[in-house]
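Comments concern the structure below.
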Amino acid sequence: MADEIELKTAPADFRFPTTNQTRHCFTRYVEFHRCVAAKGDDADCGKFAKYYRALCPGEWVERWNEQRENGTFPGPL
Numbered sequence: 005m006a007d008e009i010e011l012k013t014a015p016a017d018f019r020f021p022t023t024n025q026t027r028h029c030f031t032r033y034v035e036f037h038r039c040v041a042a043k044g045d046d047a048d049c050g051k052f053a054k055y056y057r058a059l060c061p062g063e064w065v066e067r068w069n070e071q072r073e074n075g076t077f078p079g080p081l
């Protein structure tokens with residue numbers, strides 16, 4: 005018998021009730037980086053990383069990472 009794989013994603017966030025999850029994705033990305041900035045790299049911010057990785061397309065994350073490195077990220081960190 006094969007082991008069952010359990011798939012999980014970010015929990016529902018009632019600030020984003022529509023089916024378009026773009027803003028939800030962006031907010032979770034920002035929350036992760038705020039957590040790391042406030043608590044340090046060793047902090048338990050993994051749940052936020054898990055959420056944005058489940059919601060955001062990889063291309064967006066790569067672009068945002070580059071923007072953060074260049075100091076041109078459009079969001080509040």
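The numbering used here applies: residue 5 is where the sequence shown begins, and numbers increase by one.
Note that CB positions come from ideal geometry on N, CA and C, so glycine has one too.
Please read these numbers as outputs of a predicted model, since none were measured by experiment.
- Q25 and E66 have their C-alpha atoms roughly 18 Å apart.
- For R38, the enclosing alpha helix (DSSP H) stretches over residues 26-43.
- Buried is the label assigned to T31, since at least 16 other Cβ atoms lie within 10 Å of its Cβ.
- In the displayed model, L59 falls within a helix according to three-state DSSP.
- DSSP, reduced to helix, strand and coil, places G50 within a helical segment of the structure shown.
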